[in-house]
Structure formats: structure tokens, C-alpha cells
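Engineer: Our numbering puts the sequence shown at residues 1 to 92.
Where is the CB? At the ideal position from N, CA and C, for every residue including glycine.
Bear in mind that the values here come from a model prediction, so they are computed numbers and not experimental data.
Here you go, one structure.
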Amino acid sequence: MVAVAVEAGDPESPASSQKLIEHSAAVFRRWIDLIADKLVAVGVARTRADELAMLMTTSLEGAIIIARSTRDITPIDVVHRQLRTLIEEAGQ
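Set out below in C-alpha cells:
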């Protein structure tokens, strides 16, 4: 949904479109950094933690979009199970 808003923009207010892009980027970057920091705190190597954090954020965002579109929580359940496995393996 953010992607659609960012791509479509507001032709009458390009400045507000740019602000939306910058704000969205900052929010996503903050989420990714927080997740990566938590993973590092439990023993995951920094590079792996950064990649897992990106994967977690993008996977969950995609799953939410699909779940809302289909009115079915299965995508969220699948992503949750798969990410849990990856995180458990990364922490070993």
C-alpha cells in the first residue's frame, strides 16, 4: 500500500509525495535496525542479523498485503513459521 502511494504520488503536491517517500523509508529503516539489533543481542552475527531483519520486514509486509487482499491469514501464518525456523537456526 505504501508502494502504491509512493509510486502514484500526488501530481499536485510533489513535495508531499517526497515527504511520504522519506518518512516511509525512515520508518522501515528504523524497524529493520531495531530487529537486527535484537537479533545481534541474542547472538546472531551482525551481517546475518541485518539480512534477516530485512527479510523479516519485507516478508511480513508482503504477507499482510496478500492476507488483506484475500481476506485470509494463511500468508501471515506461513511467513511466521518460516521466519521462526530461520531465526532459530541463525541463533544456534
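Within a Cβ cutoff of 8 Å, which residues of the same chain sit near aspartate 50, ignoring the five residues on either side of it in sequence?
Structural biologist: Locating residue 50 in the sequence shown gives position 50, where the first residue counts as 1. Ile32 and Ala36, listed in sequence order.
Engineer: Flag this pair as touching only if the stretch 66-78 and the stretch 41-56 have three or more C-beta atom pairs under 8 Å; answer yes or no.
Structural biologist: No, the stretch 66-78 does not touch the stretch 41-56.
Engineer: Can you tell me whether valine 79 is buried or exposed, with buried defined as 16 or more other CB within 10 angstroms of its CB?
Structural biologist: The sequence position of residue 79 within the sequence shown is 79, counting from 1. Counting Cβ neighbours within 10 Å, valine 79 comes out buried, since at least 16 surround it.
Engineer: Check whether the Cβ atoms of leucine 52 and leucine 86 lie closer than 8 Å to each other.
Structural biologist: Within the sequence shown, numbered from 1, the residue matching residue 52 stands at position 52. Within the sequence shown, numbered from 1, the residue matching residue 86 stands at position 86. A contact, by the Cβ cut-off of 8 Å.
Engineer: Quick check on the burial criterion: 16 or more other C-beta atoms within 10 angstroms. Buried or exposed for alanine 63?
Structural biologist: Sequence index remark: in the sequence shown, residue 63 carries index 63 (1-based). That one is buried.
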